[in-house]
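Below: one structure, written as structure tokens.
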Amino acid sequence: DGGITQSPKYLFRKEGQNVTLSCEQNLNHDAMYWYRQDPGQGLRLIYYSQIVNDFQKGDIAEGYSVSREKKESFPLTVTSAQKNPTAFYLCASSTGQIQETQYFGPGTRLLVL
Amino acid sequence: AQSVTQLDSQVPVFEEAPVELRCNYSSSVSVYLFWYVQYPNQGLQLLLKYLSGSTLVESINGFEAEFNKSQTSFHLRKPSVHISDTAEYFCAVRRSGTYKYIFGTGTRLKVLA
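Chains A and B, in that order, give the protein sequences.
Numbering of the first sequence is given in the working numbering, commencing with residue 153 and proceeding in unit increments.
Numbering of the second sequence is given in the working numbering, commencing with residue 3 and proceeding in unit increments.
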């Protein structure tokens with residue numbers, strides 16, 4: 153089955169700790185995205201990548217970092233500089249073509265201890 | 003900057019009644035429009051999309067949306083809702099030639115028995 157997997161489902165972060173959220177897709181999509189979802193605020197774009205070894209900041213990139221070393225993988229690191237990391241994080245991918253649709257993973261909920 | 007407005011944060015409706023969820027977007031340039039549905043603690047699933055052609059688009063589960071360029075709207079409708087339609091619905095816009103999606107803040111549809 154093709155799709156997007158995110159792990160873990162729940163993640164706990166201690167103060168001052170960096171944590172990494174995994175996102176893997178086997179859809180052969182070129183473009184991948186990370187969103188943050190907070191209640192009442194919808195989805196906000198953190199980072200996106202159109203191609204391997206290239207990525208761009210979204211609207212709320214501060215305190216986050218990403219890498220795109222493989223087409224299938226787009227991990228997100230929440231650094232200690234992100235002072236309010238508690239949220240639901242969604243990864244998505246798309247073909248990059250005109251007729252594209254974004255497909256979403258099941259999400260990771262990050263909580264601060 | 004491009005923006006998407008979903009005026010209703012919550013819409014309660016009785017089962018088998020009709021419903022309309024409103025979506026307006028800011029830009030008048032060529033855009034692609036999407037509606038996604040999200041069930042609790044899950045990722046987003048594509049409901050329907052407008053890319054070009056007929057301004058009325060339909061989904062397989064009875065929802066439809068009409069692209070109105072003059073009013074910059076893409077309202078979602080269903081003539082008769084079911085309990086299982088209870089979820090959060092997001093409208094999204096992507097400008098032609100770009101990879102970036104802009105999401106509205108979501109409308110929580112609650113279908114009452």
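Cβ atoms here follow ideal geometry from the backbone N, Cα and C, with glycine treated the same way.
Is residue i close to chain B? Criterion is C-beta to C-beta, closer than 8 Å.
i, result
"A/Q249", "no"
"A/Q149", "Since the first and last residues shown for chain A are 153 and 265, residue 149 of chain A lies out of range."
"A/T253", "yes"
"A/L195", "yes"
Can you give me the C-alpha to C-alpha distance between residue i and residue j, rounded to a whole angstrom?
i, j, result
"B/D87", "B/A115", "12 Å"
"A/E270", "A/Q249", "This structure does not reach residue 270 of chain A, given that chain A is present from 153 up to 265, and the question cannot be answered."
"B/A94", "B/V33", "10 Å"
"A/T260", "B/C25", "27 Å"
"A/R196", "A/D211", "7 Å"
"A/V264", "B/L48", "31 Å"
"A/Q169", "B/H77", "43 Å"
"B/V83", "B/K102", "32 Å"
"A/G192", "B/G108", "7 Å"
"B/V59", "A/S246", "21 Å"
"B/A19", "A/R165", "44 Å"
Flag residue i as yes if its beta-carbon sits less than 8 Å from any beta-carbon of chain A, otherwise no.
i, result
"B/Y103", "yes"
"B/G195", "Nothing about residue 195 of chain B can be read from this structure; chain B reaches only from 3 to 115."
Could you pull out every residue in the same chain whose Cβ sits closer than 6 Å to the Cβ of residue i, ignoring the five residues on either side in sequence?
i, result
"B/T57", "E68 and F69"
Got a sec? Which residues, its chain only, sit under 8 Å from residue i by beta carbon, not counting five neighbours each side?
i, result
"A/L163", "V171, L173, T260, R261, L262 and L263"
"B/Q40", "L46, Q47, A89, E90, Y91, F92 and G108"
Item to complete: Residues of the segment 158 to 182 of chain A with a CB closer than 7 Å to any CB of chain B: list them in chain order, please.
Response: none
Fill in: Selection of the segment 5 to 23 of chain B by Cβ proximity to chain A, strictly under 9 Å
V6, Q8 and S11
Practice prompt. Using a Cβ-Cβ cut-off of less than 7 Å, list which residues of the segment 201 to 218 of chain A approach chain B; keep chain order.
Written response: Within the segment 201 to 218 of chain A, the qualifying residues are Q202.
Worksheet entry | Contiguous beta strand (DSSP E) assignments of at least 3 residues, all confined to the segment 43 to 77 of chain B | 46 to 52, 58 to 60 and 66 to 70
Worksheet entry | Contact residues within the segment 33 to 56 of chain B, judged by C-beta distance below 8 Å to chain A | Under the 8 Å Cβ criterion, the segment 33 to 56 of chain B contributes F36, Y38, N43, Q44, G45, L46, Q47, L48, K51 and L53.
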